[in-house]
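Report on the following structure.
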DNA sequence: ACAATAAGTCAGATTTTTTTGACTATAGAA
DNA sequence: TTCTATAGTCAAAAAAATCTGACTTATTGT
């Protein structure tokens, strides 16, 4: 079903809607993310949902996935430039609470 | 099921999540809202969903419902002070798109 | 008096999101 | 070589959100 976009902020809001995305985003501001640590950090969450959220955040261009080819060869998710542009919005939001 | 709140911005984000809330919020910035007009303005929406969204926005303290006891006796929804505080967040969000 | 408009509610159906549990593939440690 | 960790995927189930259509009650307009 095609959704027409009427409200300009809606797209951005939608980007961060979903049960775990805001939390993932917040943690990504602090440091690079790794799948299994996230799973442990965000209690109540589950693999599938995190995997989906990460994939979507990636598709939206807020996070980028990198394979670190060092010592213990692993995968990292980092905020992109676009993602970083959202930080002030979050800060403002937090200022209101 | 009890949800624990970890991310500070999450509550605010949740306030405006839901298919129609952002749009309703945006329209409320422009002028007071009336149920049936909203229903006509927001194409694709439906009574039930709008009723629920309005009720929730009210509970969250972003909108307030007033019965206008004049000429054609009707009901209006207006942004509260709290609601108005969110305007700059929306503006910032729109600036990014 | 009669029809229309406003502002809903209610139950049930449909859709979307989120969760569960089982399973996979690769790397490193003991 | 066996065990553990990482980083997932897949199908199915469960839960949450949204939509539909019928119905309501009060107020206006004709």
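Residue numbers (UniProt numbering), protein chains in the order written: chain W, 1 to 97; chain Z, 1 to 97. Idealized CB from N, CA, C, for every residue including glycine. Just so we're clear, the structure is a prediction, and the values are computed from it rather than from any experiment.
Between residue 10/W and residue 51/Z, the gap from beta carbon to beta carbon reaches 7 Å or more. The beta carbon of residue 15/Z does not come within 7 Å of any beta carbon belonging to chain W, so the residue lies off that interface.
In its chain, beyond the 5 residues on either side, 58, 75 and 77 have a beta carbon closer than 7 Å to the beta carbon of residue 65/W. For residue 75/Z, the enclosing beta strand (DSSP E) begins and ends at 74-79. Against chain W, the beta carbon of residue 88/Z has neighbours under 8 Å at 92, listed in chain order. For residue 10/W, the neighbours in chain Z by C-beta distance under 7 Å run, in chain order, 22 and 23.
Here residue 93/W is near residue 12/Z, since their CB atoms are less than 7 Å apart. Straight through space, the alpha carbons of residue 26/Z and residue 54/Z are spaced by roughly 13 Å. Residues of chain W with a Cβ closer than 7 Å to the Cβ of residue 39/Z do not exist; the shortest Cβ-Cβ separation is about 14 Å. When secondary structure is reduced to three states using DSSP, residue 62/W falls in the coil class, being assigned neither helix nor strand.
Partner residues in the beta bridge of residue 68/Z, as assigned by DSSP, are 74/Z. In this structure, residue 83/Z places its C-beta atom within 7 Å of the C-beta atom of residue 62/Z. Residue state for residue 86/W is assigned as coil, using DSSP reduced to three classes.
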